[in-house]
Every structure is written in C-alpha cells, then in structure tokens.
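**Q** Counting in the working numbering, the final residue of the sequence shown is number 598, and the numbers go up one at a time with none missing. Every residue, glycine too, gets a C-beta built ideally from N, C-alpha and C.
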Amino acid sequence: MSLARTAGRQDGGWRAVAEEMLAGTRDALVRFPVPALALALLALHVNLAIADLHPFGDAEDDVGVGLAAAALAGLAATLAAEARRSGAAWRHGAAAALALVALALTVFERPAATLQWALVAALAGAVPLAPYLGRGRSIQFWFFALHLGFAAALAVLALGLFAGGLSAVFASLTYLFGLPVPDRLYAHLWAVSGLFAAPLFGLGQVPRDLAAEPPRLTGLAERGMRALGDFVAAPLLLVYAAVLHAYALKIGLTLELPKGQIGWLTLAYGFCLFGSLIVIHPFLDAARAPTRLVLRIWPALLPVPLVLLFVALYLRVDAYGWTPPRYLLGLFGLVTLAVLVGQALPRLRGDIRLMVALPVAALAMASFGPQGAVATALRSQSERFLAIVEADAAPDEAAEQEALAALRFLGRYDAILRVAPPGFSGSTEEIGLYRAVATAWGLDPDRPRTLADGGFSLGYPATAALATEGYDRIVPAVALFAQAEEGLALTLDTGARLRIALEDGALVVRTGAGAPVRFAIAAATVEALHAAGGDTPQRLALAADTRRLLILPTALYGQIRPQARLTAIHGALALRAADWPPEDGAAAQ
C-alpha cells in the first residue's frame, strides 16, 4: 500500500513536469503565434538545406535571414500591442504585417537596398523597447530587458541540454554498440532544437507583467553592482575619455589631421559609456563617488570625441566617398549628439530608453530604402567613379585605383551597370561585367590593388607548377612577417638548424655560428612584383654571395609607398642543403 502511494506520487511528479512543459509551449504558441510560425518555417528551411533540398536556390540565405527577421519583428509588434492592451485580432494582425515587411525587405535585398545585419540588429533592439515607447518608465524597461536576457539564457541552456544530451546518446550508441548514426541526423537535431524548440521555450519565459519593477537589491548583489560601477566602469570610462581628449590636444598643438580610426575609437567609447549608464541605472541611488562623478560629467565627456569623429569622417568621405560603415559611423555621431541634446530636456534627462530608442531607430532607417546606408553608398561611389572617368584628363595611377575600387564596390551590390558608358553593349560572358565596364572606360581591370596607405596584397594561383632546378630542399608552407621578432625555425634533414626572418627589406638567415646571412629584396623587385599583379605565378630568387634561396609565393603583402618593401610572405621556400652544412646549425637556438 505504501509502495503504491509512493509510485502514485512519483507518477504525479512526472505528470506535473510534462504538464508544465506542455503548458509553457502552449502558452508561447498562443501568445506569440507569428514568431512561432516564423521559427517553425526557419527550422524547416534549414532542415531542407541539410537534406540537400534547395527550393529557393541562390536566395536560400536571404530567406533564412528573412525568417529570423520576421520572428523578431513579430515578437516586437506583439509585445507593443500587449502593452497597449490591444485585442487578439489587432495584436496578431500587426505582428503578421510587420513580420511580412521584415521578410520582404530581407528577401528582396537588392531592390530594397537592404543592409541585412543592420535590419536584424534594429529588430532585436526593438524587442525589449517596444512595450515602453510612449509609456512606462525606464526602470520597467530595464527590468523587462533583464527578464528577456534571462529567457534567452534559458533557451540556450535548453538547447545544450536537449540537443547536446541526445547527441551524447547517439554517440554512445555508435561507440558502445556500433550502431551507425548519420551525421545528418545530428545536424537535423541541432537545427530543430536551436531554431524552434529552444527559442519557443525561451518565448514561454517572457514575462506577462510589463509594469513590474525590480526589488531593491541588498547584500551581495548590491555590493557587486556598486563594485562594477566604482572599480570597473567609472575608471575605464574616465581613462578612455582622457586619452581621447589628449589626442584632441595633440591635434590642436601639431595641427595634424585626425586619423581615420579615431571615428571607430569614438564609437567604441560611446557604446561603453551608454552601455554602462544603462546597466547601472537601477543602482544610481547607491552610487558612490567614482560612479557619481561619471554620472555628473558624462555629457561633458562627449563633445570633443564627437568633433574628432566628424572631422575624421569628413576627411574620409571627401577622399573616398560614402560606404555603409562610414554612413553608420556618421549616423552614430548624430545619434550621440541627439542624446546629448535630450539631456537638456527635463523629461528626457537620464531616460535610458532614449539611449536605446535612438540607435534602434537610426539602424532601422539605415537598413533599407533610398535613405539607407547601401543606397547612399551606391550613389556616392557611382558619382565618384563617373567623376574620375569622365574628367577631361586621363586618370593617373592613384585616380585609376580609386575608380577601380569604386567599381569593385558597385560589383558587390550588382550595381555596375549604373556606371556603364552610354551605349554599352560589351560582351560579359567570358570576361565578366567588372572587366567589361572597366575596359570600356579605358581602365586596366588587372591593375594591382593598392590601399590608401600605400599597402598592397597579391595572391597567386595555388595550383601553379614552377621550376625549382638547382635546389634540393623544399619547405612547402612558410609564413614570414616583418613584425615577427623570432622568425621561422627550420631544421633540415642534414641536421642544420636555421632561423629565417623578414627584416628591413631582406630575408635574414641565422645559424648557430657566424654572422647572419642577409638576402636583400630590392625595392625594384618589389615594384616589379606589384606591377605584375597576382594572376601570373612568380619565382622570387634571392642570393647572398654563393648561397641561394627561392621563394614560390602564394601571397605577398607589402608597401609600395613611401618605399617599396615586403611585409609578409606566404608560400614555399626552396634552398640548397650544401649552403647550410650541419656544423653551421649545430648551436642554433
């Protein structure tokens, strides 16, 4: 009797667990049907690809990203409607409409000039923000975002436990009993779990109470957050700000133009600053001196870095035109400026939703359409290209490099025909559209690429067969870098031990005895390699007295300005064992 009652309790326990799991899944499906449908279609889409079924052909990746974007859009719309207590029809209808828009913008990437990652990032940022636009308080937004993060963590944990556990079971069957488990089964398992089951479990954990506020933290939690602000965030932000201001002072004293990377350094600083302000928001009342100092002066820390950002961006765009990264960098500067202006308004001062809403709105605006990053960059690069090729004077080497760079950019977005000459009807079947349009404008499409700072990179065919007569040892894959201090350690089958380094325009070989042997790489040789380009395999033969080395490069990196030199060599190295007797290398370290 006692055993029966115990078994009954155990059955009730398992039944309770199963009912709880089913209830959570049912709750997610009923509450978020549009995101759940998008996730189910995404899982089906990926599983078809795993099974080598590709109904969408070349658009397969776009459809996958589009379904993920649709799930995020549907979730954001549903939460926004819930916060406003809308009816089920309006709630799910709005979610479906927004999901279809996100899917269309992603799938029809070229016509819509969509920057897919920016659209997905904007939708992801909109999910925690959507219930609190025009309503609620910052602390409620912070607490809800924390719950969403916890739900996402639970989804990842569920994925690891379920898919990882079943994978371990399958692997055990193979290892212990010799039962073959197809690799595709593992792939299907992880696809279904990671794209549908685990996210659906996470959706079931999204809180319904959108007005909840966090309880006041005490004890260890409070001390931990205070330490994070006082000993980590505040000192790092102050030091970072000091470095940027010192650089601005250097510019003022030397009249040196800001370097291009200063914009990205300012971007990183802004993210760190806004991120820290958002994280510590609920603990402002308990903030101590270091954190209070940052909270008081942070608006004054931004104007100088913003000036540096805009000056550096202007110089870069004036010289090379707009690209999506430059567009987004400028947009971040404007967003930061808007946040600063918002601090002058009592209603917006200290509202962390502003620090999230403005970047999300900016990313959404930049992610598609004629005003977006891609469309703006295509217009800019088209104008830049045409200004060079339609000029009265023939372009010099630098101008031709700029024109070809603009043409390659247009090619990445299938927009080369924007700059085709009037009446263009060249055949592109054999030479390609890039080469055809470049040739039609009198440009050399095979001209080696040179970066703005004078750097270049050349890649050679890996399947080329080159003569190595006169050499009896081959090292098939070497990588030498000018920055490397120790170089490449090499032991020959004869016992000789060598250390080879790329230093100051030469290959330098060191052995255990005697002076280093220097194989000079003349500037004229580097210039000839650069001029030849990467289409034809090259042999780089070097000599030092009676000793010989031969490099068969697969890739070369270097500078053509201000002085021609190599900075990195990848490829095979041929040498003569007689040039390096064992006694020379016996003491090499």
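(1) Exposed or buried, which one is Gln390 when buried takes at least 16 other CB atoms within 10 Å?
(2) Within a Cβ cutoff of 7 Å, which residues of the same chain sit near Val326, ignoring the five residues on either side of it in sequence?
(3) I'd like the ranges of any alpha helix (DSSP H) spanning at least 4 consecutive residues and lying wholly in the segment 366-444.
(4) Quick check on Leu467: buried or exposed, where buried means 16 or more other Cβ atoms within 10 Å of its Cβ?
(5) Given this structure, state the Cα-to-Cα distance separating Pro355 from Ser147, to the nearest angstrom.
(6) Could you tell me whether the Cβ atoms of Ala45 and Ala37 are closer together than 8 Å?
(7) To the nearest angstrom, how far is the alpha carbon of Ile260 from that of Leu357?
(8) Span of the beta strand (DSSP E) holding Glu512?
(9) DSSP has Pro562 in a bridge; who is on the other side?
(10) Which runs of the alpha helix (DSSP H) at least 4 residues long sit entirely within the segment 23-111? Give them in chain order.
(11) Between Thr275 and Leu337, how many whole angstroms is the CB-CB distance? I'm expecting something under 8 Å.
(12) CA-CA distance, His101 and Leu155?
(13) Please give me, in chain order, every unbroken run of the alpha helix (DSSP H) with length at least 4 that falls completely inside the segment 147-232.
(14) With a Cβ-Cβ cutoff of 8 Å, do Ile165 and Phe179 count as a contact?
(15) Is it true that the CB of Glu411 sits closer than 8 Å to the CB of Ile8?
(16) Do Thr520 and Trp450 have their CB atoms nearer than 8 Å?
(17) What is the DSSP secondary structure of Thr263, counted as helix, strand or coil?
(18) What three-state label does DSSP hand Thr300 in the structure shown?
(19) Name the one or two DSSP bridge partners that Phe528 has.
(20) How big is the Cα-Cα spacing for Val39 and Gly83?
(21) Is there contact here, the segment 573-586 with the segment 554-562, by at least three beta-carbon pairs under 8 Å?
(22) Based on DSSP bridge pairs, tell me the residues matched to Ala488.
(23) Could you tell me the boundaries of the beta strand (DSSP E) in which Phe465 lies?
(24) Locate the beta strand (DSSP E) running through Ala127, then write down its first and last residues.
(25) May I ask you to report which of helix, strand or coil DSSP gives Gly567?
(26) Which stretch, first to last residue, makes up the beta strand (DSSP E) that contains Ala498?
(27) Taking the continuous beta strand (DSSP E) assigned at Leu5, which residues delimit it?
(28) Express the C-alpha separation of Leu157 and Arg217 in angstroms, rounding to a whole number.
(29) In three-state terms, what does DSSP make of Ile483?
(30) Could you name the residues that DSSP lists as bridge partners for Arg574?
(31) Whose C-alpha, out of Pro312, Val241 and Tyr278, is nearest the C-alpha of Ile289?
(32) Just how far apart, CA to CA, sit Asp593 and Arg506?
(33) Inspect the beta-carbon positions of Leu132 and Ala85 and report whether they are closer than 8 Å.
(34) Taking 7 Å as the limit between beta carbons, can you name the residues of its chain near Gln572, skipping five residues before and five after?
(35) Counting C-beta neighbours from all protein chains within 10 Å, is the total for Val348 16 or more, i.e. buried, or is it exposed?
(36) Between Ala541 and Pro470, what straight-line distance do the alpha-carbon atoms span, to the nearest angstrom?
**A** Inspection of the coordinates gives the following:
(1) By the neighbour-count rule (16 or more Cβ atoms within 10 Å), Gln390 is buried.
(2) Cβ neighbours of Val326 beyond the five flanking positions: Arg335.
(3) Runs of the alpha helix (DSSP H) lying entirely within the segment 366-444, each at least 4 residues long, are 382-398 and 406-421 in chain order.
(4) It counts as buried.
(5) In a straight line, the C-alpha of Pro355 is about 14 Å away from that of Ser147.
(6) Ala45 places its beta carbon less than 8 Å from that of Ala37.
(7) So the two alpha carbons sit approximately 34 Å from each other.
(8) Unbroken beta strand (DSSP E) run through Glu512: Arg506 to Glu512.
(9) DSSP lists Gly580 as partners of Pro562.
(10) Taken in chain order, the unbroken stretches of alpha helix (DSSP H) that lie wholly in the segment 23-111 and span 4 residues or more are 42-59 and 69-92.
(11) Rounded, the Cβ-Cβ distance is 13 Å, inconsistent with contact.
(12) Going by the C-alpha atoms only, they are around 25 Å apart.
(13) Inside the segment 147-232, DSSP marks whole alpha helix (DSSP H) runs of 4 or more residues at positions 147-186, 192-201 and 207-212, from first to last along the chain.
(14) Going by the sequence as given, residue 165 is Val instead of Ile. No; because the gap between Cβ atoms is not below 8 Å, this pair is not in contact.
(15) Because the chain here runs from 10 to 598, residue 8 falls outside it and cannot be looked at.
(16) The criterion of a C-beta distance shorter than 8 Å is not satisfied by Thr520 and Trp450.
(17) Thr263 falls in the helix class under three-state DSSP.
(18) Assigned with DSSP and collapsed to three states, Thr300 falls in helix.
(19) Leu516.
(20) For Val39 and Gly83, the distance between alpha carbons rounds to 13 Å.
(21) Touching, yes, given that three or more Cβ pairs across the two stretches are closer than 8 Å.
(22) His579.
(23) Phe465 -> beta strand (DSSP E) spans Gly464 to Gly468.
(24) Taken as a continuous stretch (DSSP letters only), Ala127 belongs to no beta strand (DSSP E), being part of the alpha helix (DSSP H) at Gln125 to Leu138.
(25) Under the three-state reduction of DSSP output, Gly567 falls in the strand class.
(26) In this chain, the beta strand (DSSP E) harbouring Ala498 covers Leu497 to Thr500.
(27) An answer regarding residue 5 cannot be provided, because it is not within the stretch 10 to 598 covered by the chain.
(28) Spanning the two alpha carbons is a distance of roughly 11 Å.
(29) If DSSP states are grouped into helix, strand and coil, Ile483 belongs with the strands.
(30) Gln568.
(31) For Ile289, the closest C-alpha among the options Pro312, Val241 and Tyr278 is that of Val241.
(32) In this prediction, Asp593 scores a pLDDT of 48, lower than 50, which makes its location untrustworthy; the coordinate-derived value is nonetheless stated afterwards. Their backbone Cα atoms lie some 8 Å apart in a straight line.
(33) Inclusion of Leu132 and Ala85 in the CB contact set at 8 Å is warranted, their separation being smaller than that value.
(34) Cβ neighbours of Gln572 beyond the five flanking positions: Ala532.
(35) Buried, by the Cβ-count rule.
(36) The straight-line gap from Cα to Cα measures roughly 14 Å.
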